[in-house]
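Take a look at the structure set out below.
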């Protein structure tokens, strides 16, 4: 009499495992399409009561991908991608700074390259169908297991898996940032000139060989007290502007979706130490706190209060401790 229930449990478990595997493959397909799908289109970027319009063209695969996005309003900016290399171009220094900031979130490639950890912190739900840019699409919701983090909604083309619309939602369900194609053709521009920059000011955002995934040699003992689902991906020394050439420690943390940079450096004098939080651009926030003889500054796509709580809870150890 007990055999039937046991078989039922085993079948249910196998079905759940298969569904989880299907979810992972679906997310991989969406991530790959966001980075690789050939296209020629226009999209809107809405955040902080502002609206910007961009044109994007892309063709090629892997290291041969060529992509260019051009601002159609606001400061004149171009972001050009050749394989793994990413470069900002602008009309002047002010526009170049705006280009660097807007390049923090490059729709439709908002999912990270490595999605292996995402199911530890998020649940994927299919929530219906819609139309965006005259194309049918299916809504996918990435809902955080920790209610203090952002959630993400994506309306995905069912054939190519290209995200046609992506919305970042606050813990209260308010829209923090939204990207939407208004028109898109699923083929790149053939004219090579369409991928060349035209503006004079230039800044290399990411070299061709920059690491994107986790460093297998990094020690998880470098950081403790992280929220559930977060882990250390990379730990490097970097020289930042305004630091007088002195390197600071740069930790990259992720929960599978959030990418968080934490900069560790000597603190200012005691009377000049101020904890602060603020918004940089859309879903990108920053927070600064202090721990013993260290100043910790976090930057990433995480709500401000949750980011400050992370800084206060985490403990940065000596490298390799």
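Residue numbers (my numbering): 11 to 331. Idealized CB from N, CA, C, for every residue including glycine.
In whole angstroms, what is the alpha-carbon distance linking residue i and residue j?
i: residue 317; j: residue 243; result: 17 Å
i: residue 69; j: residue 76; result: 6 Å
i: residue 250; j: residue 145; result: 44 Å
i: residue 115; j: residue 189; result: 10 Å
i: residue 64; j: residue 79; result: 6 Å
i: residue 164; j: residue 49; result: 18 Å
i: residue 285; j: residue 272; result: 15 Å
i: residue 321; j: residue 288; result: 14 Å
i: residue 124; j: residue 257; result: 27 Å
i: residue 156; j: residue 141; result: 30 Å
i: residue 59; j: residue 150; result: 25 Å
Can you name the start and end residues of the beta strand (DSSP E) that residue i belongs to?
i: residue 80; result: 76-81
i: residue 69; result: 60-69
i: residue 322; result: That residue, residue 322, is in no beta strand (DSSP E); its alpha helix (DSSP H) goes 314-323.
i: residue 232; result: Careful: residue 232 lies outside any beta strand (DSSP E) and carries neither H nor E.
i: residue 244; result: 241-249
i: residue 153; result: 145-154
i: residue 87; result: 87-92
i: residue 157; result: Element bounds for residue 157: n/a, residue is neither H nor E.
So, under 8 Å CB-CB, residue i and residue j are touching, yes? Tell me the CB distance rounded to an integer number of Å.
i: residue 195; j: residue 51; result: 6 Å
i: residue 106; j: residue 213; result: 6 Å
i: residue 233; j: residue 326; result: 6 Å
i: residue 2; j: residue 171; result: Summary: the structure shown does not reach residue 2, with the chain confined to residues 11 through 331, and so no result is reported for it.
i: residue 267; j: residue 173; result: In fact, because the Cβ distance is near 14 Å, the residues do not count as touching under 8 Å.
i: residue 153; j: residue 135; result: 6 Å
Can you say whether residue i is buried or exposed, counting buried as having 16 or more other CB atoms within 10 angstroms of its CB?
i: residue 238; result: exposed
i: residue 310; result: buried
i: residue 89; result: buried
i: residue 67; result: buried
i: residue 211; result: buried
i: residue 333; result: Nothing about residue 333 can be reported from this structure: the residues present for the chain run from 11 to 331 only.
i: residue 47; result: buried
i: residue 282; result: exposed
i: residue 330; result: The pLDDT assigned to residue 330 is 46, lower than 50, so where the model puts this residue is not dependable; a value taken from the coordinates is nonetheless given after this. Classification for residue 330: exposed.
i: residue 162; result: buried
For the alpha helix (DSSP H) that residue i lies in, which residues bound it at each end?
i: residue 104; result: 103-112
i: residue 130; result: 128-131
Original post:
What are the complete beta strand (DSSP E) segments, minimum 3 residues, inside the stretch 275-300?
Top reply: 286-291
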